[in-house]
Amino acid sequence: MSLDIDVIESMNMDRVAPFYFSRKKDEQYLITNDFGYYSYLSPWEFDDFCSSKLTWDKFIELDEKLFIKNDTYTDRAITAYNKKNSFLAYGPTLHMIITTLRCNHKCQYCHAAVAPMTAKNLDMTRETAEKVVDTIFYTSAPSLTIEFQWWESLVNYDIVQFIVEYASMKAQALQKNLTFALVSNLSLMDEDKLKWLLDHGVDICTSLDGDKKTHNWQRTYKEGDSHEKVVHWINRITAEQELRWKKGYKIGALATWTKPGLANYRNIVDSYIELWLTTIGLRWLNPYGFAAAERDTLEYTLDEYFEFYKNSMDYILEKNKEWIFLKEMMSMVYLGKILNNTDSGFMDVRSPSGIAIGGVAYNYDGGVYASDESRMLGRMGIHDFLMTPLLATGEETYRAMANSEVTKISVQSSTLDGLPWYVDHVYKPYLGVDLIYAFTQHGNVFSNFAKDDKTRIQISMLDYLFDKLRDPENEKIFRSWIRR
Ligand code: SF4
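Residues 0 to 483 in numbering that gives the first Met the number 0 are what the sequence shown spells out, letter by letter.
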């Protein structure tokens with residue numbers, strides 16, 4: 000939105016620090032800045048702000064939020080900018096390892112990409128696993144997370160165990176902080192595996208697509224009742240962790256939303272509450288890995304998704320007002336930036352994107368991809384985001400990753416300061432671009448602001464959150480989400 004010429008002429012640039020703004024439907028102005036601060040101004044306050052004639056109370060607020068320049072502004076701005084962008088200080092922290100392409104499920108949104116249980120040639124070998132760990136420990140981050148990603152990691156359990164033991168040894172020798180997460184459908188879990196994984200500090204996450212009917216329809220499992228198994232293990236893992244003195248522990252569970260699920264959102268949210276889960280994700284379904292025939296049944300439009308997001312969030316807020324604590328994962332990413340002025344480093348929603356520099360994926364065959372979605376594209380025969388194969392040593396592989404064209408173009412194309420329309424948008428401090436999505440939808444890694452559905456989703460979510468934040472009761476609930 001452009002400023003009135005009189006306002007521009009009267010602006011006192013010595014006092015007014017750089018800011019972004021937008022006029023909302025009720026004529027109030029929302030202003031934001033690169034540190035993540037925001038404020039609402041009435042039209043006359045906005046004029047007063049631009050010409051440095053604010054009332055004392057508003058002046059104090061905007062001064063604290065770094066909208067006003069004074070003698071201490073530069074020092075405070077440097078500290079705030081560092082805090083907001085601390086994830087830029089080092090290389091990849093998240094290392095996703097795909098130990099196999101095999102899986103015993105054939106979920107509707109994944110089955111085109113998954114390999115049958117007989118395809119043992121699609122398992123990671125011990126030699127590859129060793130080189131992967133050597134590479135991970137050559138990267139520069141002081142804290143590392145190794146995540147065993149889909150497809151079903153428990154199918155190649157020996158290699159999971161090898162990686163955990165070898166990486167733990169290296170972490171101790173090199174004095175690095177190391178955490179493990181294992182993403183699993185839990186159908187192959189048993190008591191021995193559970194004990195071993197928890198004894199070795201492996202955090203377990205799973206997929207729960209909601210109530211029994213929705214879950215079993217989406218997550219096809221010929222050998223039994225997928226929902227029954229996952230619910231059993233969610234309860235069992237929570238109980239076992241509590242026994243180990245992790246009071247209040249909740250296993251992480253993710254839902255994948257398809258078209259039939261959108262209308263069923265109340266039942267799905269209720270199914271999370273019944274299991275005492277504290278986080279639910281209202282994630283948009285990425286268009287990778289479907290069989291073409293499934294698209295019509297599973298996919299939805301942007302408007303359908305956003306209607307679902309609003310309804311589900313209203314329902315979740317309603318539950319929170321009844322003292323049922325349930326938070327929404329994607330909203331928390333934005334709320335952390337808005338209310339805490341920090342960036343969680345969520346890979347798709349930061350500038351530059353975490354692709355190649357924040358999180359990388361090691362395929363079963365040793366291909367190092369810029370992200371898990373890039374690796375999924377590789378499975379579809381598109382290898383544009385393969386950074387390098389594993390080389391002779393960890394050092395060589397890491398150098399090849401860091402210097403790859405994929406890394407350079409990923410950073411360049413996802414830094415909002417260089418992207419038209421993003422660069423001066425009121426939500427710039429909170430947005431990120433998903434360049435893999437832009438590439439698959441429009442054949443160009445540089446996201447086109449006007450055409451990118453993922454950008455429109457983020458803007459709609461932020462409109463919703465900023466609107467809700469104007470009610471103090473909602474703000475209190477949102478603050479509790481990011482505090483706990
Ligand atoms: S989504 Fe997960 S459980 Fe389902 S088929 Fe794919 S890898 Fe297997």
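Glycine included, C-beta positions come from ideal geometry on N, C-alpha and C.
Secondary structure at residue 382: coil, using DSSP grouped into helix, strand and coil. Per the C-alpha coordinates, the member of 156, 172, 203, 173 positioned closest to residue 179 is 203. Annotation for residue 93: the continuous beta strand (DSSP E) segment containing it runs 93-96. DSSP places residue 172 in the uninterrupted alpha helix (DSSP H) bounded by 156-173. With contacts defined by Cβ atoms closer than 8 Å, residue 103 and residue 60 do not form a contacting pair. In the structure shown, residue 106 falls within a coil segment according to DSSP collapsed to helix, strand and coil. Counting of Cβ neighbours within 10 angstroms places residue 200 among the exposed residues, the total staying below 16. Taking the Cβ of residue 293 as the reference point, every heavy atom of the ligand SF4 lies at 7 Å or farther away.
Taking 8 Å as the upper bound for CB-CB distance, residue 153 and residue 363 are not in contact here, some 14 Å apart.
In the DSSP assignment, residue 422 falls outside any beta strand (DSSP E), carrying neither H nor E. Fully contained in the stretch 389-417 are the following alpha helix (DSSP H) runs of length 4 or more, in chain order: 393-401, 404-413. Here residue 351 has 410, 413, 414 as same chain residues with Cβ atoms under 6 Å from its own Cβ, once five neighbours each way along the sequence are excluded.
Not one heavy atom of the ligand SF4 lies closer than 7 Å to the C-beta of residue 322. Judged by pairs of C-beta atoms under 8 Å, the stretch 66-73 does not touch the stretch 329-337, as fewer than three such pairs exist. For residue 204, the distance from the CB to the nearest heavy atom of the ligand SF4 is not below 7 Å.
Relative to the ligand SF4, residue 113 has its C-beta within less than 7 Å of a heavy atom. Counted as a single uninterrupted DSSP element, the stretch harbouring residue 433 is not any alpha helix (DSSP H), since DSSP gives it neither H nor E.
Per DSSP, the continuous alpha helix (DSSP H) segment holding residue 213 begins and ends at 211-217. Taking 8 Å as the cut-off, the Cβ atoms of residue 405 and residue 389 do not count as close.
With a cutoff of 8 Å on beta-carbon distance, residue 48 and residue 40 are scored as near each other. With contacts defined as CB atoms closer than 8 Å, residue 286 and residue 396 fail to qualify as a contacting pair. DSSP lists 30 as the beta-bridge partner residues of residue 20. Following the DSSP letters along the chain, one finds residue 147 in no alpha helix (DSSP H) but inside the beta strand (DSSP E) bounded by residues 142-147. Secondary structure of residue 51 (DSSP, three-state): coil.
The closest heavy atom of the ligand SF4 lies less than 7 Å from the beta carbon of residue 149. In terms of side-chain proximity, the C-beta atom of residue 105 is found nearer than 7 Å to a non-hydrogen atom of the ligand SF4. Between residue 254 and residue 279, the C-beta spacing is below 8 Å. The DSSP assignment places complete alpha helix (DSSP H) segments of no fewer than 4 residues inside the stretch 236-313 at 258-262, 264-273, 294-297, in order along the chain. Taking C-alpha positions only, residue 434 is separated from residue 100 by approximately 24 Å. Across the structure, residue 116 and residue 105 are spaced so that their CA atoms are roughly 11 Å apart.
At a Cβ-Cβ threshold of 8 Å, residue 91 and residue 357 count as neighbours. Taking 8 Å as the cut-off, the beta carbon of residue 176 is found no closer than this to the beta carbon of residue 207. In the DSSP annotation of this structure, the continuous segment of the beta strand (DSSP E) that includes residue 177 starts and ends at 176-183. Considering only 162, 374, 231, 63, the residue with the shortest C-alpha distance to residue 76 is 63. Under the three-state reduction of DSSP, residue 333 is assigned to helix. With a cutoff of 7 Å, residue 81 does not count as near the ligand SF4, since its C-beta is closer than that to no heavy atom of the ligand.
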